[in-house]
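Heads up, the final residue of the sequence shown is numbered 875 in our numbering, and it's a clean run with no missing numbers. We treat Cβ as the ideally placed atom computed from N, Cα and C, and that holds for glycine.
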Amino acid sequence: MTALAAALLAPAVQAADWSDTSIGFRTGNKFAEPFGSNDIKKNIINLTHASGYKYGTNFFNADFLMSDSKDPSSAGSSDGAHEVYIVYRHTLDLGAVTGSSFKYGPMRGLGLTAGFDANTKTDAGYNSKKRMLVLGPTVMFDVPGFLNVSLLLLKESNAPYNTFTNTSTPRYTYKTHPMLTASWGIPVSQSIPLTFEGYANFIASKGDNEFGGDTKAETNIDMQLMYDVSTLFGSKNKFKMGIEYQYWKNKFGNPTTARGAGAGPGATAKTPMIRAEYHF
596 MTALAAALLA PAVQAADWSD TSIGFRTGNK FAEPFGSNDI KKNIINLTHA
646 SGYKYGTNFF NADFLMSDSK DPSSAGSSDG AHEVYIVYRH TLDLGAVTGS
696 SFKYGPMRGL GLTAGFDANT KTDAGYNSKK RMLVLGPTVM FDVPGFLNVS
746 LLLLKESNAP YNTFTNTSTP RYTYKTHPML TASWGIPVSQ SIPLTFEGYA
796 NFIASKGDNE FGGDTKAETN IDMQLMYDVS TLFGSKNKFK MGIEYQYWKN
846 KFGNPTTARG AGAGPGATAK TPMIRAEYHF
């Protein structure tokens, strides 16, 4: 899987036919963490880049997440945790590569997606160092804007550190498991510069965790309505504002339980946010 992913990512150095780079900010006070609180405030700065070339597309996003003290940076600290989370995906357009048409009914095309997730977080209980490779087919639907649905295999590992017990856990690789994922950006109407954007991940259990416990299937849906404010000033796709909502059940595979048992209710997040982004 690693060698094939590297081969798929190699064409990404091609010159882009189109690109969109933005910096954004979002904030909410109902974030949740397993074994922690359900009402954490986080401010998030993101850098996002999407581009397309003759044979496919690239997507990159880096989030810098800053928590309040309800998600502490270490045992006994009054400072909030900090996290960097990076996602990269490259989708190879099989129609463009082979010269064949994969258009059928609502399907516009067929691709093969490879990429990775990586994070680092400073917090009291876990200090995540996630590394994950992804690979699988993608169906591209014929809609205004875009709608892509992929079935990806995930190869994930982590190497946590607990500041309460000063215990380091050697890097542990979970069972390879599938994820059904969709991403979209669809105009709401022709007359209003409003788009419905987001992603939805449905992730199977990844087997036992690094401590020998069971993991559960995850649902992570993040969606937003974004208004192109720059149209009010004679421009387009420069500055957008909107509202966002994230629903994340069994976060990171931790089973959601009653308060005081296991990961607790913090393993499910229901988070409204406000969002703004500037496109270069």
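Give me the Cβ distance between residue i and residue j, rounded to the nearest whole Å; I'm assuming they're in contact under 8 Å.
| i | j | result |
| --- | --- | --- |
| Phe-654 | Arg-684 | 5 Å |
| Lys-750 | Met-774 | Rounded, the Cβ-Cβ distance is 11 Å, inconsistent with contact. |
| Gly-740 | Ile-781 | 4 Å |
| Thr-717 | Ala-676 | 6 Å |
| Lys-770 | Asn-753 | Actually they are not in contact, since the Cβ atoms of Lys-770 and Asn-753 sit about 13 Å apart, beyond 8 Å. |
| Phe-834 | Tyr-873 | 5 Å |
| Lys-625 | Thr-866 | 5 Å |
| Met-817 | Gln-841 | A small correction: the amino acid at residue 817 is Asp; Met does not occupy that position in the sequence shown. Indeed, because the Cβ distance is near 4 Å, the residues count as touching under 8 Å. |
| Leu-747 | Thr-776 | 6 Å |
| Phe-759 | Ala-719 | 7 Å |
| Phe-875 | Thr-616 | 5 Å |
Distance, Cα to Cα, residue i vs residue j?
| i | j | result |
| --- | --- | --- |
| Ser-745 | Asp-634 | 32 Å |
| Asp-612 | Thr-652 | 10 Å |
| Thr-622 | Gly-710 | 27 Å |
| Met-553 | Leu-642 | The structure shown does not extend to residue 553, since the chain is modelled only from 596 through 875, so no value can be given for it. |
| Asn-638 | Leu-689 | 39 Å |
| Lys-831 | Ser-825 | 6 Å |
| Lys-698 | Leu-687 | 15 Å |
| Val-734 | Asn-815 | 20 Å |
| Glu-678 | Asp-737 | 36 Å |
| Ala-657 | Tyr-680 | 6 Å |
| Ser-614 | Ala-713 | 23 Å |
| Thr-810 | Ile-798 | 11 Å |
| Lys-846 | Asp-666 | 15 Å |
| Thr-708 | Ile-618 | 24 Å |
| His-772 | Pro-755 | 20 Å |
| Gly-706 | Gly-848 | 28 Å |
| Asn-891 | Glu-813 | The requested residue 891 does not occur in the structure, where the chain is confined to residues 596 to 875. |
| Ser-664 | Ser-723 | 18 Å |
| Ser-632 | Gly-731 | 35 Å |
| Pro-860 | Val-682 | 26 Å |
| Gly-647 | Val-692 | 14 Å |
| Ser-669 | Glu-839 | 29 Å |
| Trp-570 | Ala-627 | Since the displayed the chain opens at 596 and closes at 875, residue 570 lies outside it and no answer follows. |
| Ser-696 | Ser-784 | 29 Å |
Looking at the structure shown, is residue i part of a helix, part of a strand, or coil, going by DSSP?
| i | result |
| --- | --- |
| Val-729 | strand |
| Phe-791 | strand |
| Ser-786 | coil |
| Phe-759 | coil |
| Lys-716 | strand |
| Ala-812 | coil |
| Lys-846 | helix |
| Lys-865 | strand |
| Ser-752 | strand |
| Phe-828 | helix |
| Pro-667 | strand |
| Pro-739 | coil |
| Ala-856 | coil |
| Thr-543 | Beyond the ends of the chain as shown, which are 596 and 875, falls residue 543; an answer cannot be given. |
| Arg-870 | strand |
| Tyr-648 | strand |
| Asn-638 | strand |
| Ala-627 | coil |
| Ala-611 | coil |
| Tyr-822 | strand |
| Asn-796 | strand |
| Thr-616 | strand |
| Gly-780 | strand |
| Phe-875 | coil |
| Lys-833 | coil |
Let's test the definition: count the other Cβ atoms within 10 Å of the Cβ of residue i and tell me whether it reaches 16, buried, or not, exposed.
| i | result |
| --- | --- |
| Gln-819 | buried |
| Arg-870 | buried |
| Ala-600 | Interpretation of Ala-600 is limited by its pLDDT of 48, a score under 50 that renders its predicted location unreliable; the figure taken from the coordinates is listed afterwards. Result: buried. |
| Ala-858 | buried |
| Tyr-855 | The question names Tyr, but residue 855 is Gly in the sequence shown. Classification of Gly-855: exposed, given that the 10 Å Cβ count is below 16. |
| Thr-762 | exposed |
| Ala-610 | exposed |
| Met-821 | buried |
| Lys-649 | exposed |
| Met-836 | exposed |
| Thr-863 | buried |
| Asp-877 | Coverage of the chain is limited to positions 596 through 875, which leaves residue 877 absent and any answer about it impossible. |
| Pro-629 | buried |
| Ala-853 | exposed |
Comparing the CB of residue i with every heavy atom of the ligand COA, is any distance shorter than 7 Å?
| i | result |
| --- | --- |
| Phe-791 | Ligands displayed in this structure: none; no statement on the ligand COA is therefore possible. |
- Query: Of all the alpha helix (DSSP H) runs that stay within the bounds of the stretch 671 to 713, which reach a length of 4 or more residues?
  - Reply: Runs of the alpha helix (DSSP H) inside the stretch 671 to 713: 689 to 693.
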